[in-house]
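Just so you know, the sequences run in chain order A and B. Numbering-wise, the working numbering comes out as the position in the first sequence, counting from 1, plus 166. Numbering-wise, the working numbering comes out as the position in the second sequence, counting from 1, plus 1025. Worksheet for the structure shown next.
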Amino acid sequence: MNYYRHITVMKFAIAIIFTFALMPLHAQPTADQILERVDRNLSSDNRVFESTMIIHGARGSRTLTSRTYAVGEKRSFTEYLSPPREEGTKMLKLEEQLWIYSPSTDRTIQISGHMLRQSVMGSDLSYEDMMDDRKLTETYDATVIGSEVLDERNTWVLELTAKVDDLAYESLKIWVDTERYIPLKEEFYAKSGKLLKRAVLSDVVQIDGRWFPKTILYKDMLKQGGDGTEFKITDIRFNENIPDYIFSKAALKQ
Amino acid sequence: MIRFLIKGLYYDKSRSRLPIIVVAIGVMLAVFLNAYITGFMGETVELNARFANGHVKVMTKAYAENESQLPNDLALTEVTALKKELSERFPELDWAARIQFGGLVDVPDENGETLSQGPTTGMGIDLLSSESMEIERLNIRESIVRGRMVQQPGEALLAEEFSRKLGVNPGDEFTLISTTMHGSMSLYNFKLAGTLSFGNEAMDRGSIIVDIEDARTALDMDDAAGILLGIFDTGFYDDERALEIAYTFNAGMDDEDEYAPVMKSLTQQSGMGQLVEVTEKWSVYIIAIFIVAMALVLWNAGLLGGLRRYGEFGVRLAMGEEKDHLYRTLIYESVFIGLTGSIIGTALGLFAASLLQGDGIDITGMMEGSAMLYPSAIRTRITPTDYYIGFIPGLLSTIVGTMLAGLGIYKRKTSQLFKELEA
């Protein structure tokens, strides 16, 4: 009897030893889990923010300021506050449609087709970039392809491949901070594998329990000259009460 | 003797008819083709000079490299000072700043919503200042189909065909959607003053013409311009001088600075060099071809004539006429034939050219999608050269043909002449 008991205890002990031996010291989350955490940081039900866009062109820099209201990923409204030439210009995104209102002409024009690929205010961002607010988990399949240290931060390097058809970029490569689950660098690729755009995210701060990058430096790799566009969020508030009328074409002319 | 030879040619039609017909046809073609080349090619060169290339053109180095994309972000800046400098250094040229741009013309309905929209290629030119020669240069006033000329800022001219397609009429407002010099989207309202028809496929497809100051405001191009065109005061392109001016100007520029202005002569731009060269050389080629071809035909005709007049030459030689004299009279005859054929051919060639000098042949369909500006019709242009150019192949070919065919005279042997005549 003692013998069988001894054998059972031994088996149990070996099983426990093997189980612990096979467990890594720091369990690495899967690519999907990483993306989910990234989405949790970057997406929100709604947000209101003011931003400064510094466009470092080949012949000088220009600064634009704007205020944006966004609800989910389908609705957003941006009003440009400066410089004087752009002041009062408004952009409204509703579902898949985008309108721009110019106060000097008092015209509201829908941006569609190839115009969506044009630069927003001469920046390194296109209207298409601004339109797509969908979560990464909804649009891309991810694989962890390595880890790197980026600006003294440990990151996982993820390769993302489009799983829906209507995306501006076929694949992405992102460097995700292993502690804060924020991409610190992103590279956007075309179907051919050509690098189209690069973004470097910095000034990561904690707001309402989430990590958020307040500065993003975009660089359109196809654009000749210039040092990219610096997009700085000067003020951001999540879960605000945004009135519905803001997301209407009538609000553009107000 | 001359009268005797002419009488001989007149009464013996078999001696003169065929050579005169051959010469006349050849000369007619030479005259017509010369008028055609002068007309079509010359018009193409001038059209491109006036509308796009100037006799010389100043752009930034970077703009020149990407010119087909109309890259206004690479445009010239501080244009007023540059234009002043150019006028002082090269006073024989009239300088005109222009802004070329692409975009969309958006026509609103009564609620301000888009009613119709179409892609456009536009040009901002000096329409409103009194010293500007642009209106005359582009023949704008004469090209107006409906409405009137631009008279104040905020007015625009659209191609007639384009305006009809969009459903916009003189007096209506529309919005130009384009891109500023800094890459922002630009929206600017214009009132349609009038519609134009340039008679050129590339221009009539979808062009808009506005005053350069409006273009500057719309595209945020303060004191900037895409190109500065220089046109010789004489109105005629002088390649040698244009190249010299361009060389002098470029010598003082910084090679490293991509925004430094560079000057290009007409022949240094987009295939125009080849066109000008071809225009200059084709007349020479055509004349050379006709001289050779007609000389061959007339040589052949001379040989046949020689055979037919074998007996006559024999009698003349037997009667003591010198071979050299006989050969010379044949050449004199050929001069009369050449002159007669050339006169008839020139008259016919000028008549044919005059038929195509007015309206010409419409070739719009053939020029669809062409990058270079071509006239919409093939038109000939009769110049003083056409009155004498046909005489060169006309006379040379008959003389050369006769000289070759007449060599047979020297092979006749006096000792055998009577035997031949008896036979």
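Glycine is no exception: its CB is placed at the ideal position from the N, C-alpha and C atoms. Keep in mind that this is a model prediction, so the values were computed, not measured.
Start and end residues, alpha helix (DSSP H) containing residue 397(A): Numbered from 1 along the first sequence, position 231 holds the residue referred to as residue 397(A). Premise fails: residue 397(A) lies in the beta strand (DSSP E), 394-404, not in any alpha helix (DSSP H).
So is residue 1188(B) in contact with chain A if we call contact Cβ pairs under 7 Å? In the second sequence, residue 1188(B) corresponds to position 163, counting from 1. Chain A contact via Cβ: absent.
Nearest residue (CA-CA) to residue 1068(B), options 1422(B), 1411(B), 1403(B): By 1-based counting over the second sequence, the position of residue 1068(B) is 43. Among 1422(B), 1411(B), 1403(B), the Cα nearest to that of residue 1068(B) is on 1403(B).
Unbroken beta strand (DSSP E) runs of length 3 or more, entirely within the segment 1032-1102 of chain B: which are they? 1081-1085
Taking the alpha-carbon of residue 1381(B) as reference, which of 1324(B), 1059(B), 1037(B) has the nearest alpha-carbon? What you label residue 1381(B) is simply residue 356 of the second sequence in a count that begins at 1. Nearest C-alpha to residue 1381(B): 1059(B).
Where does residue 295(A) fall in DSSP's three states? As a working mapping, residue 295(A) is identified with position 129 in the first sequence. Looking at residue 295(A) - three-state DSSP - the assignment turns out to be helix.
Under 8 Å, CB to CB, which of the residues in the segment 1205-1219 of chain B have a partner in chain A? 1205, 1207, 1208, 1209, 1210, 1212, 1213, 1214
What did DSSP end up calling residue 418(A) once you bin it into helix, strand or coil? Stepping through the first sequence from its first residue, residue 418(A) is reached at position 252. If DSSP states are grouped into helix, strand and coil, residue 418(A) belongs with the helices.
Please list, in chain order, the residues of the segment 1113-1135 of chain B that have any C-beta partner in chain A closer than 9 Å. 1129, 1131, 1133
Mind the definition here: the segment 1260-1270 of chain B touches the segment 1231-1239 of chain B only if three or more C-beta pairs lie below 8 Å; say whether that holds. no
In angstroms, rounded to a whole number, what distance separates the CA positions of residue 1077(B) and residue 323(A)? Along the second sequence, read from residue 1 onward, the residue named residue 1077(B) stands at position 52. Along the first sequence, read from residue 1 onward, the residue named residue 323(A) stands at position 157. Rounded to the nearest angstrom, the two C-alpha atoms are 52 Å apart.
Would you mind listing the alpha helix (DSSP H) stretches within the segment 296-383 of chain A that are 4+ residues and don't spill past its ends, in chain order? 302-305
Beta-carbon proximity check, residue 1044(B) vs residue 1323(B), cutoff 7 Å: Counted from its first residue, the second sequence places residue 1044(B) at position 19. Counted from its first residue, the second sequence places residue 1323(B) at position 298. Yes.
Indicate whether the contact test is met: 3 or more Cβ pairs, each with one atom in the segment 281-299 of chain A and one in the segment 258-266 of chain A, closer than 8 Å. yes
Show which residues of chain A have a CB atom less than 8 Å away from the CB atom of residue 1139(B). Indexing the second sequence from 1 puts residue 1139(B) at position 114. What residue 1139(B) touches in chain A: 275, 276.
Pick from 1232(B), 1437(B), 1424(B), 1224(B): whose alpha carbon is nearest that of residue 1355(B)? Taking the first residue of the second sequence as position 1, residue 1355(B) is located at position 330. Per the Cα distances, 1424(B).
For residue 1117(B), which option in 1135(B), 1383(B), 1259(B) has the closest C-alpha, if you only look at C-alpha atoms? Sequence index remark: in the second sequence, residue 1117(B) carries index 92 (1-based). The candidate whose alpha carbon is nearest that of residue 1117(B) is 1259(B).
Span of the beta strand (DSSP E) holding residue 199(A)? If you number the first sequence from 1, residue 199(A) lands on position 33. Taken as a continuous stretch (DSSP letters only), residue 199(A) belongs to no beta strand (DSSP E), being part of the alpha helix (DSSP H) at 197-208.
Does DSSP put residue 1253(B) in a helix, in a strand, or in coil? Indexing the second sequence from 1 puts residue 1253(B) at position 228. Strand.
Residue 395(A) versus residue 353(A) - alpha carbon distance: One-based indexing of the first sequence puts residue 395(A) at position 229. One-based indexing of the first sequence puts residue 353(A) at position 187. Rounded to whole angstroms, residue 395(A) to residue 353(A) spans 15 Å at the Cα level.
Interface residues of the segment 337-362 of chain A facing chain B [CB-CB below 7 Å]: none
Run through the DSSP bridge pairs and tell me what residue 386(A) is partnered with. In the first sequence, residue 386(A) corresponds to position 220, counting from 1. For residue 386(A), which the question treats as bridged, DSSP gives the partners 363(A).
Looking at chain A, is there any beta carbon in it that lies within less than 7 Å of the beta carbon of residue 1396(B)? Within the second sequence, residue 1396(B) is the residue found at index 371, counting from 1. Any reading at residue 1396(B) must be qualified, since the residue scores a pLDDT of 49, below 50, and its modelled position is unreliable; the value itself is stated next. For residue 1396(B), the answer is no, since every Cβ of chain A falls outside 7 Å of its Cβ.
What's the C-alpha gap between residue 196(A) and residue 328(A)? Mapped onto the first sequence, residue 196(A) falls at position 30. Mapped onto the first sequence, residue 328(A) falls at position 162. Going from the Cα of residue 196(A) to the Cα of residue 328(A) covers about 18 Å.
If you follow the alpha helix (DSSP H) that residue 1416(B) is part of, which residue opens it and which one closes it? Residue numbering aside, residue 1416(B) sits at position 391 when the second sequence is read from its first letter. Unbroken alpha helix (DSSP H) run through residue 1416(B): 1416-1431.
Go ahead and label residue 403(A) buried or exposed: buried means 16 or more other beta carbons lie within 10 angstroms of its beta carbon, across all protein chains shown. As a position in the first sequence, residue 403(A) is number 237, starting the count at 1. Exposed.
According to DSSP, residue 1294(B) sits in a beta bridge with which residue or residues? Along the second sequence, read from residue 1 onward, the residue named residue 1294(B) stands at position 269. Residue 1294(B) pairs with nothing; no bridge assigned.
Top-ranked residue by Cα proximity to residue 300(A), from 356(A), 357(A), 325(A), 335(A): Here the question's residue 300(A) lines up with position 134 in the first sequence. Closest option to residue 300(A), Cα to Cα, is 335(A).
When DSSP labels each residue in this structure, what does residue 256(A) get in the three-state scheme? Looking up residue 256(A) in the first sequence gives position 90. Of the three classes helix, strand and coil, the one that applies to residue 256(A) here is strand, per DSSP.
Cα-Cα separation, residue 1475(B) to residue 1310(B): The structure shown has nothing for residue 1475(B), since chain B only spans 1026 to 1448.
Using a Cβ-based criterion (distance less than 6 Å to any ligand heavy atom), does residue 1067(B) qualify as near the ligand FAD? Summarising the ligand content, the structure contains no ligands, and the ligand FAD is consequently not present.
List the residues that DSSP assigns as beta-bridge partners of residue 1126(B). Walking along the second sequence from the start, residue 1126(B) turns up at place 101. BP columns for residue 1126(B) point to 1147(B).
At the level of alpha carbons, what is the spacing between residue 249(A) and residue 216(A)? Counted from its first residue, the first sequence places residue 249(A) at position 83. Counted from its first residue, the first sequence places residue 216(A) at position 50. Their backbone Cα atoms lie some 14 Å apart in a straight line.
So, is the C-beta of residue 244(A) closer than 7 Å to a C-beta in chain B? As a first step, residue 244(A) is located in the first sequence; it is residue number 78 there, counting from the start. By this cut-off, residue 244(A) is not an interface position.
Within chain A, partners of residue 1449(B) - CB distance below 7 Å: Nothing can be reported for residue 1449(B): it is not among the residues displayed for chain B, which extend from 1026 to 1448.
On the premise that residue 1253(B) lies in contact with residue 1097(B), defined as a C-beta separation below 8 Å, what is that separation, rounded to the nearest angstrom? Locating residue 1097(B) in the second sequence gives position 72, where the first residue counts as 1. Locating residue 1253(B) in the second sequence gives position 228, where the first residue counts as 1. In fact, because the Cβ distance is near 14 Å, the residues do not count as touching under 8 Å.
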